[in-house]
Each structure stands twice: as structure tokens, then as C-alpha cells.
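Residue numbers (the working numbering): 1 to 125. Just so you know, even glycine gets a beta-carbon here, dropped at the ideal spot from N, CA and C. If you're wondering where the values come from, they're calculated on a predicted model, not measured in any experiment. Down below is the structure, laid out as C-alpha cells.
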Amino acid sequence: MPTPRRQARIGELLQEELSTLIQLEMQDPRLNGVTVTDVQISPDLGHARVYVSVMGEAAAQQDVLRALQRASGFMRRELSARLDLRRVPDFSFYLDKSVARSQRILDLFDRIKSEPGDGSEVEEE
Numbered sequence: 001m002p003t004p005r006r007q008a009r010i011g012e013l014l015q016e017e018l019s020t021l022i023q024l025e026m027q028d029p030r031l032n033g034v035t036v037t038d039v040q041i042s043p044d045l046g047h048a049r050v051y052v053s054v055m056g057e058a059a060a061q062q063d064v065l066r067a068l069q070r071a072s073g074f075m076r077r078e079l080s081a082r083l084d085l086r087r088v089p090d091f092s093f094y095l096d097k098s099v100a101r102s103q104r105i106l107d108l109f110d111r112i113k114s115e116p117g118d119g120s121e122v123e124e125e
């Protein structure tokens, strides 16, 4: 059983390599603007959950996830040739909703700032 540190190192390596592969080498126009935000490796190193950030509507995001899943065999072959791993894990792709959540929080803060005061401000003399 690999150590959690090894799992994290392999996850970081796969994140970097998958990002490069998707952004620079894959020709699918649907994958423009896709960012790999995290890769979590199973304890047996046989499976990787790949989290991606995708701009656009929900339907377009689902198209991107389907395209990535269909291309996962190609990505595994490419990474197998590049990396010194016994076995490149199987990939499952998921939307990373943390980017959307943080944007929503920032929007709420902006809205709060732009609203007129409720009279609770203290004036300084």
C-alpha cells in the first residue's frame, strides 16, 4: 500500500501532465479553457479522480466531461509513454465546483459593498 505522500506526489504529477496534454496536445475545440484543478489517487493507485474547471453553461460543461472521458484511453497511453509509473491509473472526470462557488461569494461581497448602508455606520468627526 503506497503512503499518502506518494499518492499526493503521483496526483500532482498527473495533474501537471494532464494539464499539458489537454491544453497543448489535444485538438478538440471543446477542451479550450479546461483547467485541471486537482487529481485524487485511490489508495491502490489504480484510479484517479480528475477535477476540472470549465467555463460556460451546464450543457457545455457536460459536453467537455464526455469528451474528456472518451479521450481517457488516449491520455493513459500518452502518459504511459512519458511517465515512469508501473501503471497509469484509470481516469474519471468531475467538475470542480469550488471555482464557481468562490466566484459566487465574490459576487455577493461586491453586491453587499454596492448596496446603500442601513444606517448602522458610525460617522467619524
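Reduced DSSP category for residue i - H, G, I as helix; E, B as strand; rest coil
i, result
"residue 64", "helix"
"residue 102", "helix"
"residue 48", "strand"
Range of the contiguous alpha helix (DSSP H) that encloses residue i
i, result
"residue 24", "First-last for residue 24: undefined, no H or E at that position."
Range of the contiguous beta strand (DSSP E) that encloses residue i
i, result
"residue 30", "No beta strand (DSSP E) contains residue 30, which DSSP labels as neither H nor E."
"residue 38", "35 to 41"
Buried versus exposed, by CB contacts within 10 Å (16 or more), residue i
i, result
"residue 27", "exposed"
"residue 112", "exposed"
"residue 7", "buried"
Problem - Any 3 or more C-beta pairs closer than 8 Å across the segment 104 to 117 and the segment 68 to 79 - result: No contact exists between the segment 104 to 117 and the segment 68 to 79.
Exercise for the section: Would you check if there are 3 or more beta carbon pairs closer than 8 Å linking the segment 58 to 70 to the segment 79 to 88? Expected result: At 8 Å Cβ cutoff, the stretches do not touch.
Problem - Length-filtered (3 minimum) beta strand (DSSP E) runs lying within the segment 73 to 100 - result: For the segment 73 to 100, whole beta strand (DSSP E) runs of length 3 or above, ordered along the chain, are 90 to 95.
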